[in-house]
Every structure is written in structure tokens, then in C-alpha cells.
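I have placed the structure first, in the form of C-alpha cells, so that the comments after it can refer back to it.
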Amino acid sequence: MFQVCIQAYFDAAHFIRNYDGNCAKLHGHRWNVVVCIEGRQLDHLGMLIDFRAVKQSIREKLLLLDHSLLNDSPSFDLKGVNPTAENLARLIFTELEKELVLTEKRLAWVQVNESPDAWAIYKED
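The numbers in the working numbering rise by one with no breaks, and the one at position 29 of the sequence shown is 56.
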């Protein structure tokens, strides 16, 4: 099994509603996102997937979040969902899964780091 992972960054602020702690206050992060795709077969060039296509899709999704208040995003605000690293990982996974054409491969997982030593990973069974 091969895995290809691509890393990207975006800057955004958020706060955690109904949380008893510092994260209830407005604060920001440089969010680090890692997207991994897996599959068993390489193409005739020896690649699992073209990095450029995946990078472009990730860039487009993260551009919608970059330099924003995540709580105001319809994905969080309209649903009353807190923009935690866990929920961001699931959101990015779901959005990329809709867009990427993954013949004989799959989106394995998305990792979202809010700091170098704290992250969440979302994957589906």
C-alpha cells in the first residue's frame, strides 16, 4: 500500500463556544493540514496520484478558510458546531472527498494541527 501526503497551511481565528478555558476567547492559529491518499497501484509514471492536482484542490478549500473567523463559516455557524481541530479535519476530508477523482485509491485521512504538538486526524472506516 502506498500513501502520498501533502501538507498545506492557513491562518485563521476561532473560539470554542461553551468551553470553560482560554480557548473560549478569540485566538488564532497557523493551521497545518496534512492530506493523505492511499492506493495499491502506481500509474505508468510510477506515481500514485499527481501532487499538483491534489495541491490545487487543497489550496482551493483552504483559501475559503484563510484569514477568517472560523466560527463565522457556514459549515460551523449555521450548524452550531465548534471549529475545533477535529471538526476542521472532518470538514476538509468531506470537502476533498467530494472533489478529488480517486480511481483505485482513496482519501486515507486528514490531519489538522493547531500547534506543533497538538493535532486531530479524521479518517473513515
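Yeah, the Cβ is synthetic: ideal placement off N, Cα and C, and Gly gets one too.
- Selection Leu115, Val81, Gln83 and Ser84 evaluated against Leu96 yields Leu115 as nearest (Cα-Cα).
- For Ser142, no alpha helix (DSSP H) encloses it; the enclosing beta strand (DSSP E) starts and ends at Lys132 to Ser142.
- Looking at the backbone, the Cα of Val31 and that of Asn109 are separated by about 29 Å.
- Per DSSP, the continuous alpha helix (DSSP H) segment holding Asp104 begins and ends at Pro101 to Asp104.
- Excluding the 5 residues flanking it on each side, Asn98 has same chain C-beta neighbours closer than 7 Å at His41, Phe42, Asp104 and Pro110, in chain order.
- Exclusion of the five residues before and after Gln138 leaves Val61, Trp146 and Ile148 as the residues of its chain whose Cβ lies within less than 6 Å of its Cβ.
- With respect to the 8 Å criterion, Gly66 and Glu131 are classified as neighbours on the basis of their beta carbons.
- Secondary structure note for Arg117: its alpha helix (DSSP H) is the uninterrupted segment Ala112 to Glu126.
- The alpha-carbon separation between Lys106 and Leu134 amounts to approximately 25 Å.
- For Asp93, the closest of Lys150, Ile33 and Phe37 by C-alpha to C-alpha distance is Phe37.
- Comparing C-alpha distances from Lys88 to each of Leu72, Arg117 and His71 shows the shortest one belongs to Arg117.
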